[in-house]
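In the working numbering, the protein residues as written are -7 to 556.
Working notes, beginning with the structure itself.
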Amino acid sequence: MVLVLWSQRVAQAFTSKASRAAPFVRPAALASSVMLRRPLSATKAPEEIKTNAGSAETPQNLPDMDEIVSLCKRRGIIFPSSDIYNGYAGFFDYGPLGVELKKNLKDAWWKHFVTQREDVVGLDSSIIHNPTTWKSSGHLDGFSDPMVDCKETKLRFRADQIFFSPVVLEEDSSIVGYVCVQEANDEDMVKEATKQANVILKEKGMKGTKIKAFQFREVVEATEEEMSQIPSPASGKPTLTMPRDFNLMFETKVGATVDSDNVAYLRPETAQGIFINFKNVLGTSRQKIPFGIAQMGKAFRNEITPRNFIFRSREFEQMEVEYFIPPGDDVWPEYHQKWIDASKEFLSDVVGLREDLMGWDVHKGDKLAHYAQACTDVTFKFPFGEQELMGIAARGNYDLTQHTEGSGKNLEYYDEQTKERYIPHCIEPSLGVDRLMLAVICSAYAEDEVGGEKRSLLKFNPRIAPIKAAIFPLLKNKEQLVRVARDLFKQLSQRYNVMYDAAGAIGRRYRRADEVGIPFCITVDFETIEDNAGVTIRDRDSTEQIRLPIDEVIPYLSKAIDGY
């Protein structure tokens, strides 16, 4: 696991910040984040592999985002939305492979947190709720992010995603100017800040003068005097406005008339649909507290500056559970820890994220939302830095209390054992499908050499791989080979998403399959039809091949993919 020392600055993209973290210091020469880590039949010989995989102490070098974006578009995983019209910022379309991967991730989450548990049931609430829902929940008045505008370029930035620092001389601690950089990984931020500082020193005739370490703070913390000197990332001049709040909810109209009475909002989160259905589910599911309600679905946030590909977009999917528990300060810690453990198990064992890329950020003090008793974030080391992936929060009874007051309906629970009535508290594990998908792709991306040839591949866990197996006839012009391969393809397609490929040399077909993360390649060759010797099954990661009778292929794949 990765413990991030500068966790104060981890972006809280799924919750509005009530207050900002304290400044953090990055030495001007620091190249990367400072972190502490703790490790969380007959066969054919595999092809010789040379790999650049990292150790438990040092993660393998991640690809940059340009590589990820290019791979996703080239292989039909993710496309820019409205691509023929030059795209539309903050929106994305999922291609043939992407939609399969996304579905597999959602299915795995649902199976792990709903199907395999007796104490969690499902819900699919509407995207548009009665507008009073958002008044009661606080979203209408308080669901906002701070923004600043560049008065010269008219570009807009989130004030908690751009950072400034004074340029302080080492000799006498005097301030000679300010630098301002957008949020990125440490190396890129320091590099850009150093470039700006060098320009300032050169303009003042102080080229080569030593400066102190940058002390970055979010622009949202700047005073008016500091804002008058902080350069805009767009213009390079002090042309930024003071930070002001920007409501993130998408507004729409319901009905034929257009006036203030029919204003509605696209939901910015799925959780409120669960809270307003608490009584309905409780009365029809025969559940008793403790129990949970799970939901996955679309949510919409009018992000000021959507960026980092699908990490922060304006349309996204969430997977959330609201797990209702009795009140009491001695009650919630146990349930909170259980959901942290269940989340760890899902991300590492079920999805297969690399543990050397994951970390944990425990919110304390003013980092907690005003209503929360505790919150732990699962973080992930993306190419653009360590960021929040999943949150597990103890939310108290804030939401049900707010909806009780707003609706006038009694949302209390009567405990038949204790004979008490109370508004339940809840634990909320919340995970974004799109962020998880990006983490899975980054975690699975690998490069190595096979037989002296460079190979790029996606090491998806077989459970979530978009295509489970590829079936190859050794030659496409041999009718017997093609017939057996086609029959096997039809059998396997009854259970899994599989691919038939007869084009090109067998080695080239292997490489195509590796690049899109297909875990198994099954080849029908002459030994299959002449000696009744079965088929070869090649493992993507090791390139090892085994030979199995055709009637043992499905049991083999079932064990490797489903675990039984």
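C-beta atoms are modelled at their ideal positions from N, C-alpha and C, and glycine is treated no differently.
Item	Value
Same chain only: Cβ atoms within 6 angstroms of residue 421, ignoring 5 sequence neighbours per side	313, 331, 335, 384
Residue 120 beta carbon less than 8 angstroms from that of residue 246	yes
Rounded separation between residue 545 and residue 359 - CA only	52 angstroms
Residues near residue 370 by beta carbon distance below 7 angstroms, same chain, minus five either side	335, 339, 350, 352, 381, 382
Simplified DSSP assignment, three categories, for residue 20	For residue 20, the predicted structure reports a pLDDT of 34, less than 50, and the residue's modelled location is therefore unreliable. The matter cannot be settled from this model.
Euclidean distance between Cα positions of residue 197 and residue 301	41 angstroms
Distance between beta carbons of residue 403 and residue 271, contact taken as under 8 angstroms	6 angstroms
Nearest neighbour of residue 424, chosen from 307, 493, 341, 440 [CA to CA]	307
Touching by the beta-carbon criterion (3+ pairs, under 8 angstroms), the segment 432 to 441 and the segment 463 to 472	no
Residue 225 burial status per 10 Å Cβ neighbour count (16 or more: buried)	buried
Residues near residue 390 in its chain [Cβ-Cβ closer than 7 angstroms; skip 5 each side]	363
Beta carbon of residue 508 nearer than 8 angstroms to that of residue 67	yes
Span of the alpha helix (DSSP H), counted from its first residue to its last, around residue 273	270 to 277
Three-state secondary structure assigned by DSSP to residue 36	The pLDDT assigned to residue 36 is 48, lower than 50, so where the model puts this residue is not dependable; a value taken from the coordinates is nonetheless given after this. Reduced to three states, the DSSP call for residue 36 is strand.
C-alpha distance - residue 255 paired with residue 296, whole-angstrom precision	21 angstroms
Candidates 368, 277, 132, of which the one nearest residue 241 by Cα	132
Beta-carbon gap between residue 553 and residue 454 smaller than 8 angstroms	yes
Identity of the residue in 475, 355, 299 nearest residue 81 by Cα	299
Inter-stretch contact at 8 angstroms, needing at least 3 Cβ pairs: the segment 200 to 210 / the segment 157 to 168	yes
Residue 315, buried or exposed, once every other Cβ within 10 Å from all chains shown has been counted against 16	buried
Bridge-paired residues (DSSP) for residue 289	310
Run of the alpha helix (DSSP H) containing residue 399, from where it starts to where it stops	390 to 399
Residue 239, DSSP secondary structure in three states	strand
Residue 212 beta carbon less than 8 angstroms from that of residue 151	yes
Straight-line Cα distance separating residue 387 from residue 357	15 angstroms
Between the CA atoms of residue 149 and residue 129 - distance to the nearest angstrom	26 angstroms
Which listed residue (532, 125, 457, 450) has its alpha carbon closest to that of residue 395	125
Member of 526, 86, 64 whose CA lies at the smallest distance from the CA of residue 74	86
Exposure label - residue 215; buried when at least 16 CB within 10 Å	exposed
One or two residues paired with residue 72 in a DSSP bridge	84
Which listed residue (142, 526, 409) has its alpha carbon closest to that of residue 232	142
Per-residue DSSP class, three states only, for residue 121	coil
Contact between the segment 259 to 278 and the segment 54 to 69 (3+ Cβ pairs under 8 angstroms)	no
Closer than 7 angstroms: residue 289 CB and nearest the ligand MG heavy atom	Although the ligand MG was asked about, the structure shown includes no ligands whatsoever.
Cβ contact check for the segment 89 to 99 and the segment 110 to 117: 3 or more pairs under 8 angstroms	no
Terminal residues of the beta strand (DSSP E) in which residue 506 lies	Run containing residue 506: none in the beta strand (DSSP E); it sits in the alpha helix (DSSP H), 498 to 507.
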